[in-house]
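Below is one structure, written out as structure tokens; the observations come after it.
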Amino acid sequence: MFNNLSDKLDKAFHVLKGHGKITEINVAETLKEVRRALLDADVNYKIAKDFTNTVKEKAIGQNVLTTLNPGQ
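Just add 5 to the spot in the sequence shown (first one is 1) and you have the numbering used here.
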């Protein structure tokens with residue numbers, strides 16, 4: 006189960022690679038995939054939605070770190 010979740014998160018964050026900063030436009034699709042991955046892993050819908058909303062608020066305008074992957 007965790008390998009599947011990790012694979013889905015890797016794919017979701019792949020969209021952000023190559024961008025210097027995180028914008029609302031390029032983070033929307035990524036967070037949609039993250040929410041789907043969490044729901045597929047049986048995470049409660051409200052928790053998944055709250056988590057992705059919090060990440061969105063904190064991520065907009067941040068620099069992208071290309072040396073880390075979601076597993077780290």
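Beta carbons: idealized from backbone N, C-alpha and C, even for Gly. Predicted model only: the values in this text are computed from it and were never measured.
Looking at the structure shown, is L21 part of a helix, part of a strand, or coil, going by DSSP? Looking at L21 - three-state DSSP - the assignment turns out to be coil, as it is neither helix nor strand.
How many angstroms separate the CA atom of S11 from the CA atom of E62? One C-alpha to the other measures close to 22 Å.
Can you list, in chain order, the residues of its chain with a C-beta nearer than 6 Å to that of D47? Leave out the 5 residues immediately preceding and following it. Beyond the five residues adjoining it in sequence on each side, D47 comes within less than 6 Å, by CB distance, of no other residue in the same chain.
To the nearest angstrom, how far is the alpha carbon of K16 from that of R40? Take the alpha-carbon of K16 and the one of R40: they are about 13 Å apart.
So for N58, helix, strand or coil by DSSP? helix
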